[in-house]
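Residue numbers (the numbering used here), protein chains in the order written: chain E, -12 to 236; chain V, 1086 to 1173.
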């Protein structure tokens, strides 16, 4: 009979897993508001270091038991122990190390401030360009937002546009209708004028014809005898008139 | 009654001296575990001393000092011939 290895107590305390249809997880998912942005800002200063070599936490660790001078005593004791037991051997390399350290410490004390200022300036420039880019991007997005709002406001003018278009179309229709009405009127008038002209022409022709016929018949009926008599009568009348006129004058 | 924390999860500074042996035995010594420990140590040092706005001298000087000490330790077998004693 094989012996199974004993599961740790924590695992055994969990409810037994369900085989089908359940996500096999023993911890709740997505409980925190984890997100990658915005990134938290960098801390201003690094951890404190004393004399450039030993972190401040060491001094704080020994302070309750030994006070302020404790770590220095420890350092002195360690140094003397290393020297006396020759765990640290004094040889030509020690002289070289001493010279090098002197030069390094002197240059750090003298030029440290300037170098730090220079590095800070470089950093400032980098940060300034990045911040400028960020500001520019934000500005562009802001203007984009305003443009979008303006476009949305413009959309409200749709109503006016469509009203104007509707008016235009109505006017076109009206103009067209009136044009056609005028055309119909003109055509009908032309036809009626034709009819009237026909009638007047017919009447005139009848009149002319009748007058001619009457004249012709009258002239025919005047015999030459009647003509002579009427001429003599006219001459007599004229003489009588002239005599009366002489008398009047 | 304070919540009982497993020894595995305590930090090094909270481990009592007597439990140090068993605590050390519980640590992860697989290659992946060692790599993870190195990465964690590097991240802690980096984020504390170097990845700051105004970094100081201490950040790199501690690394260089550690390098100096380590190289002395590695070359001790060669240096011990310069000791001031009669019989080496």
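Backbone N, C-alpha and C fix where the C-beta goes; we use that ideal spot for every residue, glycine too.
Let me check one thing: in DSSP terms, what residues is residue i bridge-paired to?
{"i": "residue 41/E", "result": "37/E"}
{"i": "residue 32/E", "result": "1139/V"}
Could you tell me the alpha carbon to alpha carbon distance between residue i and residue j, rounded to whole angstroms?
{"i": "residue 1171/V", "j": "residue 69/E", "result": "19 Å"}
{"i": "residue 222/E", "j": "residue 229/E", "result": "10 Å"}
{"i": "residue 145/E", "j": "residue 139/E", "result": "11 Å"}
{"i": "residue 1124/V", "j": "residue 121/E", "result": "32 Å"}
{"i": "residue 137/E", "j": "residue 126/E", "result": "16 Å"}
{"i": "residue 184/E", "j": "residue 215/E", "result": "46 Å"}
{"i": "residue 293/E", "j": "residue 54/E", "result": "Coverage of chain E is limited to positions -12 through 236, which leaves residue 293/E absent and any answer about it impossible."}
{"i": "residue 207/E", "j": "residue 235/E", "result": "40 Å"}
{"i": "residue 1093/V", "j": "residue 92/E", "result": "44 Å"}
{"i": "residue 107/E", "j": "residue 1139/V", "result": "7 Å"}
{"i": "residue 117/E", "j": "residue 1133/V", "result": "23 Å"}
{"i": "residue 1146/V", "j": "residue 1097/V", "result": "25 Å"}
{"i": "residue 33/E", "j": "residue 1164/V", "result": "36 Å"}
{"i": "residue 78/E", "j": "residue 1167/V", "result": "7 Å"}
{"i": "residue 39/E", "j": "residue 131/E", "result": "51 Å"}
{"i": "residue 199/E", "j": "residue 205/E", "result": "10 Å"}
{"i": "residue 1113/V", "j": "residue 83/E", "result": "43 Å"}
{"i": "residue 175/E", "j": "residue 165/E", "result": "15 Å"}
{"i": "residue 50/E", "j": "residue 57/E", "result": "7 Å"}
{"i": "residue 1105/V", "j": "residue 1151/V", "result": "25 Å"}
{"i": "residue 88/E", "j": "residue 1127/V", "result": "27 Å"}
{"i": "residue 28/E", "j": "residue 1135/V", "result": "14 Å"}
{"i": "residue 142/E", "j": "residue 109/E", "result": "49 Å"}
{"i": "residue 1101/V", "j": "residue 1091/V", "result": "13 Å"}
{"i": "residue 1131/V", "j": "residue 1173/V", "result": "43 Å"}
{"i": "residue 1158/V", "j": "residue 1148/V", "result": "15 Å"}
{"i": "residue 94/E", "j": "residue 81/E", "result": "20 Å"}
{"i": "residue 279/E", "j": "residue 170/E", "result": "This structure leaves residue 279/E out entirely; chain E is present only between -12 and 236."}
{"i": "residue 1161/V", "j": "residue 74/E", "result": "8 Å"}
{"i": "residue 67/E", "j": "residue 36/E", "result": "24 Å"}
{"i": "residue 203/E", "j": "residue 172/E", "result": "46 Å"}
{"i": "residue 59/E", "j": "residue 42/E", "result": "13 Å"}
{"i": "residue 1118/V", "j": "residue 1/E", "result": "27 Å"}
{"i": "residue 213/E", "j": "residue 197/E", "result": "25 Å"}
{"i": "residue 1143/V", "j": "residue 103/E", "result": "13 Å"}
Under 8 Å between beta-carbons, which chain V residues line up against residue i? List them in chain order, please.
{"i": "residue 95/E", "result": "1142"}
{"i": "residue 101/E", "result": "Those do not exist, as residue 101/E stays about 13 Å from chain V at its closest Cβ, beyond 8 Å."}
{"i": "residue 33/E", "result": "1133, 1134, 1135, 1137, 1139, 1140, 1141, 1143 and 1144"}
Check the Cβ of residue i against every Cβ in chain V and list those closer than 7 Å, keeping chain order.
{"i": "residue 36/E", "result": "1141, 1143 and 1147"}
Determine the chain E residues that contact residue i at a beta-carbon separation under 7 Å, and present them in chain order.
{"i": "residue 1168/V", "result": "73 and 76"}
{"i": "residue 1165/V", "result": "76"}
Could you name the residues of chain E that residue i contacts, counting a contact when the two beta carbons are closer than 8 Å?
{"i": "residue 1150/V", "result": "40"}
Could you list which residues in chain V have their beta carbon closer than 9 Å to that of residue i, in chain order?
{"i": "residue 30/E", "result": "1132, 1133, 1136, 1137 and 1138"}
Sorted by chain position, which residues of the same chain lie with C-beta nearer than 8 Å to residue i's C-beta, five sequence neighbours on each side aside?
{"i": "residue 224/E", "result": "none"}
{"i": "residue -1/E", "result": "none"}
{"i": "residue -10/E", "result": "Confidence is the limiting factor: at residue -10/E the pLDDT is only 49, short of 50, which leaves the residue's position unreliable and the question unanswerable from this model."}
{"i": "residue 96/E", "result": "none"}
Contact criterion: CB-CB distance below 8 Å. Does residue i meet it with respect to chain B?
{"i": "residue 128/E", "result": "Within the model displayed, chain B is absent; protein chains E and V are what it includes."}
Keeping to the same chain, check which residues put their C-beta closer than 6 Å to that of residue i; ignore five residues upstream and five downstream.
{"i": "residue 3/E", "result": "none"}
{"i": "residue 1109/V", "result": "none"}
{"i": "residue 1111/V", "result": "1093"}
Residues in the same chain with beta-carbon distance under 7 Å from residue i, minus the five sequence neighbours each way, listed in chain order, please.
{"i": "residue 1122/V", "result": "none"}
{"i": "residue -4/E", "result": "none"}
Could you tell me which uninterrupted beta strand (DSSP E) segments, each at least 3 residues in length, are contained entirely in the stretch 1105 to 1164 of chain V, listed from first to last along the chain? Counting only runs of 3 or more, we get nothing.
Going along the chain, which unbroken runs of the beta strand (DSSP E) with 3 or more residues stay wholly within the stretch 92 to 154 of chain E? none
Please specify which runs of the beta strand (DSSP E), each continuous and at least 3 residues long, are wholly inside the stretch 158 to 212 of chain E, giving them in chain order. none
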